[in-house]
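In our numbering, the protein residues as written are 3 to 295.
By construction, the Cβ of each residue, glycine as well, lies at the ideal position given by its N, Cα and C atoms.
Note that the structure is predicted; figures quoted are calculated from it, not measured.
Let me begin by presenting the structure, written as structure tokens, before commenting on it.
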């Protein structure tokens with residue numbers, strides 16, 4: 003019904019930033035995924051994050067899940083039409099003017115407001131006005147990233163760029179059967195079928211702290227065990243090594259599968275060691291229909 007591993011001519015960028023965003027890795031990731039998308043097949047992402055891979059792959063049917071309710075709520079609002087390009091343009095223009103006048107004081111006012119109301123528009127504002135594009139929550143689930151100290155952050159060109167990203171996402175999902183849901187990754191994987199495809203982009207061990215829920219080696223090992231029992235094809239994004247150290251988890255838990263690598267540089271991170279060159283790994287199990295050929 004649908005083409006196998008289509009390659010987008012232009013890589014789109016989603017309106018939400020987060021640690022480990024895969025924008026520059028999308029061509030590499032999609033070029034390694036071979037999946038014959040049939041009429042009843044579903045693309046499954048248990049760790050949606052920014053959504054950049056799904057928004058560029060554009061499967062007809064998808065289950066896009068994350069444990070972070072604010073990410074899911076934001077994309078549900080776009081899907082339902084309660085957030086659109088014009089609304090974002092107007093909101094960021096008005097909020098940006100106040101930010102320029104009041105600076106950090108207003109940023110923290112919006113942050114407090116968001117932590118009370120969970121407004122998806124406030125979430126977008128904070129995501130673009132906070133320190134270095136981080137997405138971090140405390141143990142009570144409250145957004146706690148400080149201000150970036152740039153009161154003039156929301157220039158007209160920057161607002162237009164973000165508004166266009168919202169429009170791009172809305173157009174991409176408009177004719178699709180996509181389900182966005184707040185869910186634990188194990189719950190999301192339970193209904194995977196042989197002709198589905200799962201893309202896994204879990205928090206990286208030792209790199210992303212307090213993205214929303216904590217993630218440790220025990221979680222990573224559990225994911226490896228469950229993923230390798232899936233009835234369908236899958237791909238797992240993971241860091242392999244940088245100049246400081248190597249990720250031993252890959253050899254310990256994924257060595258029986260094919261691993262492809264790509265050089266990458268992270269610009270988002272709380273300190274310099276997290277904003278550096280990295281060898282990325284994509285661990286791949288071919289899709290069901292491909293394996294039968």
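Next item on the list: Report all residues from its chain with a CB closer than 7 Å to the CB of residue 186; omit the five preceding and five following residues, and keep chain order.
Entry: Here residue 186 corresponds to residue number 184 of the chain shown, with the count starting at 1. So the list reads 69, once near-sequence residues are dropped.
Check: Apart from the five residues just before and just after residue 101, which ones in its own chain have a Cβ nearer than 6 Å to its Cβ?
Finding: Residue numbering aside, residue 101 sits at position 99 when the chain shown is read from its first letter. Around residue 101: 108, 153.
Next item on the list: Please specify which runs of the alpha helix (DSSP H), each continuous and at least 4 residues long, are wholly inside the region 51-84, giving them in chain order.
Entry: 54-59, 71-82
Next item on the list: Please indicate yes or no: does the CB of residue 19 lie closer than 6 Å to some heavy atom of the ligand SAH?
Entry: Looking for the ligand SAH in the displayed structure turns up nothing, as the structure carries no ligands at all.
Notebook entry, point to check: For residue 155, which residues of its own chain have a beta-carbon under 8 Å away from its beta-carbon, when the five flanking residues on both sides are left out?
Noted result: If you number the chain shown from 1, residue 155 lands on position 153. 98, 101, 130, 131, listed in sequence order.
Check: When the Cα of residue 20 is compared with those of 199, 163, 134, 195, which residue comes out closest?
Finding: One-based indexing of the chain shown puts residue 20 at position 18. For the residues 199, 163, 134, 195, the minimum Cα distance to residue 20 belongs to 134.
Note to self: Measuring only the C-alpha atoms, how far is residue 77 from residue 85?
What the structure shows: Against the chain shown, residue 77 aligns to sequence position 75. Against the chain shown, residue 85 aligns to sequence position 83. Approximately 9 Å, taken between the alpha carbons.
Item checked: alpha helix (DSSP H) runs wholly inside the region 170-203, at least 4 long, in chain order -> 187-191
Next item on the list: Taking only runs that begin and end inside the region 19-54, name each unbroken beta strand (DSSP E) of 3 or more residues, in chain order.
Entry: 45-47
Note to self: So for residue 239, helix, strand or coil by DSSP?
What the structure shows: Along the chain shown, read from residue 1 onward, the residue named residue 239 stands at position 237. Strand.
Item checked: Length-filtered (4 minimum) alpha helix (DSSP H) runs lying within the region 94-182 -> 106-119, 122-131, 158-175
Check: Taking the alpha-carbon positions, what's the residue 126 to residue 79 distance?
Finding: Stepping through the chain shown from its first residue, residue 126 is reached at position 124. Stepping through the chain shown from its first residue, residue 79 is reached at position 77. Residue 126 and residue 79: Cα-Cα distance of roughly 12 Å.
Checklist line | Within 7 Å, strictly: CB atoms of residue 87 and residue 33 | finding: One-based indexing of the chain shown puts residue 87 at position 85. One-based indexing of the chain shown puts residue 33 at position 31. No, they are not a contact pair.
Checklist line | Contact set for residue 293: own chain, Cβ-Cβ below 8 Å, skip 5 residues either direction | finding: Counted from its first residue, the chain shown places residue 293 at position 291. With a pLDDT of only 39 at residue 293, under the threshold of 50, the placement of this residue in the model should not be trusted; the figure read from the coordinates follows. Once the five neighbours on either side are set aside, the close Cβ partners of residue 293 are 235.
Notebook entry, point to check: Is the Cβ-Cβ distance between residue 67 and residue 150 less than 7 Å?
Noted result: For the purposes of this step, residue 67 is identified with residue 65 of the chain shown, where counting begins at 1. For the purposes of this step, residue 150 is identified with residue 148 of the chain shown, where counting begins at 1. Their beta carbons are not under 7 Å apart, which means residue 67 does not touch residue 150 by this criterion.
Margin query: Between 147, 225, 60, 178, which has its C-alpha nearest residue 189's C-alpha?
Written below: By one-based count along the chain shown, residue 189 stands at place 187. The candidate whose alpha carbon is nearest that of residue 189 is 225.
Next item on the list: Please report the residue range of the beta strand (DSSP E) in which residue 266 lies.
Entry: The residue given as residue 266 occupies position 264 in the chain shown. 260-267 is the span of the beta strand (DSSP E), which, as asked, contains residue 266.
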